[in-house]
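This note's numbering puts the first residue of the sequence shown at 8, with every later residue one more than the last.
A virtual CB, placed ideally from N, CA and C, is assigned to each residue, including glycine.
Read the structure below first, then the notes.
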Amino acid sequence: MRWSPSVPAVAAVTACLALTSCGGGSTSSVVVSGSSTVEPISIAVAEFFTAGNEAEGNEKVSVSVDGPGTGDGFELFCDGLTDINDASSKIKPEQIEACESNGVEFIELPIGNDGIVMMTSESNTDVKCLGTGDIYALAGPESQGFETWTAADELATEVGGQGDLPDAPLDLIGPGEESGTYVSFVELAIEDIAEERGQELQTRPDYQASADDNIIVQGVQGSATSLGWVGFAFAREAEDVTMIEVDDGDGCVAPTETTIADGTYPLSRPLFIYVNKSVAAENDSLVRFVDHYLGEAVDSVADVGYVALSDTALAETRERWQSRTQGAA
């Protein structure tokens with residue numbers, strides 16, 4: 008059974024690790040924060056880590072996982088407050104600077120693939136495919152104030168979209184700016200057109216924003232003419248929604264495991280964990296946890312509904328970890 012992405016915001020698990028019987032002894036910890044998209048993977052890994060090691064040794068290891076968002080997670084990580092940051096977008100230059108200024112060295116580890124999925128209510132049968140121009144016209148920086156789908160028609164046609172959008176209210180909901188999914192959405196769906204037109208690289212400000220993917224899904228389900236976007240694992244498990252195909256000029260492509268893995272789905276993206284290199288040099292429990300993440304628990308990526316790395320990409324990630332390669336790839 009696929010792991011459900013509808014998980015609590017915080018999960019704490021305890022494992023016993025060492026070589027003798029589990030009783031007493033010191034307690035070490037692994038603290039994971041960051042992306043709500045990657046959070047279900049890390050929770051699955053943490054639970055697998057617990058189940059596989061609870062009878063081994065006398066050192067108790069507390070593993071905590073939460074998902075406030077990639078950006079908020081990097082603030083904690085670069086302040087040295089967490090050991091791992093889950094990320095659904097690559098670390099930004101300003102985040103690298105923040106880590107460097109605080110003496111936090113990191114190892115970037117790609118762990119899977121995801122697609123940002125545009126969704127609407129199942130009852131909105133007029134929308135099956137959107138061009139990237141349509142998405143820009145509906146959700147981009149020039150669409151502020153558009154209250155209906157048809158209000159975006161003229162702009163959509165102007166920027167190369169399909170146009171001919173339905174004459175219906177537009178209820179727009181998606182991740183907030185703290186989310187790596189927001190960052191990836193802007194990069195993949197907004198940035199090219201916005202740069203060509205001299206616009207800010209951002210979404211329209213007047214939409215319903217949430218850091219909780221489940222709330223976004225519920226918002227889409229609750230409006231007959233909604234438009235929202237979340238990661239693939241959340242979208243594929245949602246009931247009463249339609250996953251919209253996306254056309255970047257080469258025809259409409261549905262988000263599937265295959266199209267995300269081969270990159271033909273236009274809104275595909277990698278998923279990462281970032282590990283504090285200095286802490287890994289001192290905390291054997293952190294090393295064991297990451298070893299487990301990239302070893303026995305690697306199938307957790309697919310189990311929770313995302314797309315596994317290719318064998319070649321996984322080997323490259325494992326090599327980055329084994330060699331403790333510092334910085335972004």
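The closest CA to that of Ile280, considering only Tyr272, Ile50 and Thr265, is found on Ile50.
The Cβ atoms of Leu116 and Arg295 lie no closer than 9 Å to each other.
By the beta-carbon neighbour count (other beta carbons within 10 angstroms, threshold 16), Glu252 is buried.
In this structure, DSSP gives Asp174 a state outside helix and strand, which the three-state scheme calls coil.
Nearest to Val237 by alpha-carbon distance, out of Cys259, Gly76 and Lys67, is Gly76.
When Ala304, Ser330, Thr332 and Leu145 are compared, the shortest CA-CA separation from Ile118 is found for Ala304. Contact between the region 229–236 and the region 172–183 is established, with three or more Cβ pairs separated by less than 8 Å. The shortest C-alpha to C-alpha distance from Arg211 to any of Arg276, Ala159 and Thr265 is the one to Ala159. Under the three-state reduction of DSSP output, Tyr143 falls in the helix class.
When secondary structure is reduced to three states using DSSP, Ala94 falls in the strand class. Residue pairing from DSSP places Ala216 in a beta bridge opposite Gly181. At the C-beta level, Gln206 and Gly147 come within 9 Å of one another. Put simply, of Lys135, Asp174, Leu137 and Val166 the residue whose alpha carbon is nearest the alpha carbon of Glu154 is Asp174.
Secondary structure of Trp328 (DSSP, three-state): helix.
A buried status is given to Lys97, since no fewer than 16 other beta-carbon atoms sit within 10 Å of its beta-carbon.
Taken in chain order, the complete alpha helix (DSSP H) segments of 4 or more residues contained in the region 64–126 are 77–85 and 100–108. Spatial neighbours of Tyr214 in its own chain (CB-CB distance under 8 Å, excluding positions within 5 residues in sequence) are listed in chain order as Ala146, Leu179, Ile180 and Gly181.
The three-state secondary structure of Ser128, taken from DSSP, is strand. Leaving aside the five residues that flank Gly41 on each side, the residues in its chain whose CB is nearer than 6 Å to its CB run, in chain order, Thr77, Gly80, Asn92, Asp93 and Ala94.
Across the set Ala336, Glu323, Gln209 and Ser69, the C-alpha of Ser69 shows the shortest separation from the C-alpha of Asp291. Under the three-state reduction of DSSP output, Tyr313 falls in the coil class, being neither helix nor strand. Our two residues, Val190 and Gln333, have alpha carbons roughly 23 Å apart in a direct line.
Under the 10 Å beta carbon count, Gln329 is surrounded by fewer than 16 other beta carbons and is classified as exposed.
Contact annotation, Ser150 with Thr232: C-beta distance approximately 15 Å; criterion of less than 8 Å not satisfied.
The three-state secondary structure of Asp318, taken from DSSP, is helix.
In this structure, the straight-line span from the alpha carbon of Asp298 to that of Val37 is close to 13 Å.
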